[in-house]
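So the mapping is simple: my numbering equals the position in the sequence shown, first residue as 1, plus 684. Note that the Cβ used here is the ideal one computed from N, Cα and C, for glycine as well. All figures in this text were calculated on a predicted structure; none of them were measured in a lab.
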Amino acid sequence: MAATLAELVLEGLRNLREAGVSHLAIDDSARSILRKWMLPADRRPQQPAPVAPSGAFAPSTASSGNGVPTAESGVEEKLAFLRERAAAWQPARKLGTLRETMVFAVGNPHARLMLVGEAPGYDEERLQEPFVGKAGQKLNQILKAMGIAREEIYISNICKFRPAMPNQGTGNRPPSDEEIASCLPLILAEIRAIRPACIVCLGGTAAKGLLGQMGSVSSLRGRFYEIQGIPARVTYHPSYLLRNDTLGSKRAVWEDMLSVMDRLGMPISPQQANYFLAR
Numbered sequence: 685m686a687a688t689l690a691e692l693v694l695e696g697l698r699n700l701r702e703a704g705v706s707h708l709a710i711d712d713s714a715r716s717i718l719r720k721w722m723l724p725a726d727r728r729p730q731q732p733a734p735v736a737p738s739g740a741f742a743p744s745t746a747s748s749g750n751g752v753p754t755a756e757s758g759v760e761e762k763l764a765f766l767r768e769r770a771a772a773w774q775p776a777r778k779l780g781t782l783r784e785t786m787v788f789a790v791g792n793p794h795a796r797l798m799l800v801g802e803a804p805g806y807d808e809e810r811l812q813e814p815f816v817g818k819a820g821q822k823l824n825q826i827l828k829a830m831g832i833a834r835e836e837i838y839i840s841n842i843c844k845f846r847p848a849m850p851n852q853g854t855g856n857r858p859p860s861d862e863e864i865a866s867c868l869p870l871i872l873a874e875i876r877a878i879r880p881a882c883i884v885c886l887g888g889t890a891a892k893g894l895l896g897q898m899g900s901v902s903s904l905r906g907r908f909y910e911i912q913g914i915p916a917r918v919t920y921h922p923s924y925l926l927r928n929d930t931l932g933s934k935r936a937v938w939e940d941m942l943s944v945m946d947r948l949g950m951p952i953s954p955q956q957a958n959y960f961l962a963r
């Protein structure tokens, strides 16, 4: 039987405790969800709570004496610890629906901009790096138009393992809610370690996981949210642009990226401001 969201969260907390993490930082939305799950079963809401309220269950960096980074540790040390933990992350492995190869993240650990996608695909699993296939090439084009080198930012996925499929080959699928929940403590801990100035959720899966927001990307984009107090924007996944190579789609993504550039205080040239305007 598939594990419930509550069981997956508890399993993730047990793993963190075994790793020596002695404290957890949770926000008001997380507290609200915990209160609901503490109710008797017949009084709980019929619909499950959103998979990932902003900032929920992000591990603190309290000193444990067991090799766990402390609050004074550098971000590189914190990320190295998380990468090691992710490789053998039991909440994800126990599901039996994710493949074995862990794909962590890439980029500048001191980046001001963090991009979060959904899960590794065939090329990402093969090279063990996020966004290296066709969608990654499209993302690189977007970054180049922004005047940002890929090496300057931090790129990760909400799910650290490629979702499995029968007779998979090169085929890919988005992660399920259970698969998202299983990896949730890892991505939230990454955000806590890096503390970027802005986060971009690439696609609906990342938005659902990190923001607890359901709905189409078109209904979620166009405004800023918060993740652990950090402004976050939702835009279309680069793979969407590969399937919908229209002026309207390109303009929508570019508008979101211009808003991110403005929030980061980046200069925007007249040429950049006028990309994809109707002729």
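Assignment of residue 781 by DSSP, reduced to helix, strand and coil, places it in the coil class. Beta-bridge annotation (DSSP): residue 789 is paired with 840.
Counting only runs of at least 4 residues, the region 911 to 935 fully encloses the following alpha helix (DSSP H) elements, listed from N- to C-terminal order: 922 to 927. For the region 803 to 876, the full-length alpha helix (DSSP H) segments reaching 4 residues or more read 806 to 811, 818 to 830 along the chain. Counting the other CB atoms within 10 Å of its CB gives residue 945 a total of 16 or more, which places it among the buried residues.
Rounded to whole angstroms, the gap between the alpha carbons of residue 937 and residue 919 is 6 Å. Residue 883 sits in a strand when the DSSP states are folded into three classes.
Per the coordinates, the alpha-carbon of residue 807 lies some 26 Å from the alpha-carbon of residue 900. Cβ contact annotation for residue 867 (same chain, cutoff 6 Å, sequence separation greater than five): 776, 843, 844, in chain order.
Scanning its chain for C-beta atoms nearer than 7 Å, with the 5 sequence neighbours on each side dropped, one finds around residue 923 the residues 819, in chain order. Residue 801: member of the beta strand (DSSP E) spanning 797 to 801, first to last residue. Sequence-distant partners of residue 771 (beyond 5 residues in either direction) whose C-beta falls short of 7 Å from its own C-beta, in its chain, are 786.
With respect to residue 926, residue 828 sits apart: the two C-beta atoms are not nearer than 8 Å.
Looking at the DSSP output, residue 909 sits in a beta bridge with 916. Going by DSSP, residue 889 is part of the alpha helix (DSSP H) stretching over 888 to 895.
With 16 or more other Cβ atoms from the protein chains shown falling within 10 Å of its own Cβ, residue 840 counts as buried. Residue 768: member of the alpha helix (DSSP H) spanning 759 to 771, first to last residue.
Counting only residues of its own chain and dropping the five nearest sequence neighbours on each side, residue 902 has a CB closer than 8 Å to the CB of 936.
When DSSP states are grouped into helix, strand and coil, residue 945 belongs to the helix group. Under the DSSP assignment, residue 954 falls in the alpha helix (DSSP H) whose first and last residues are 954 to 957.
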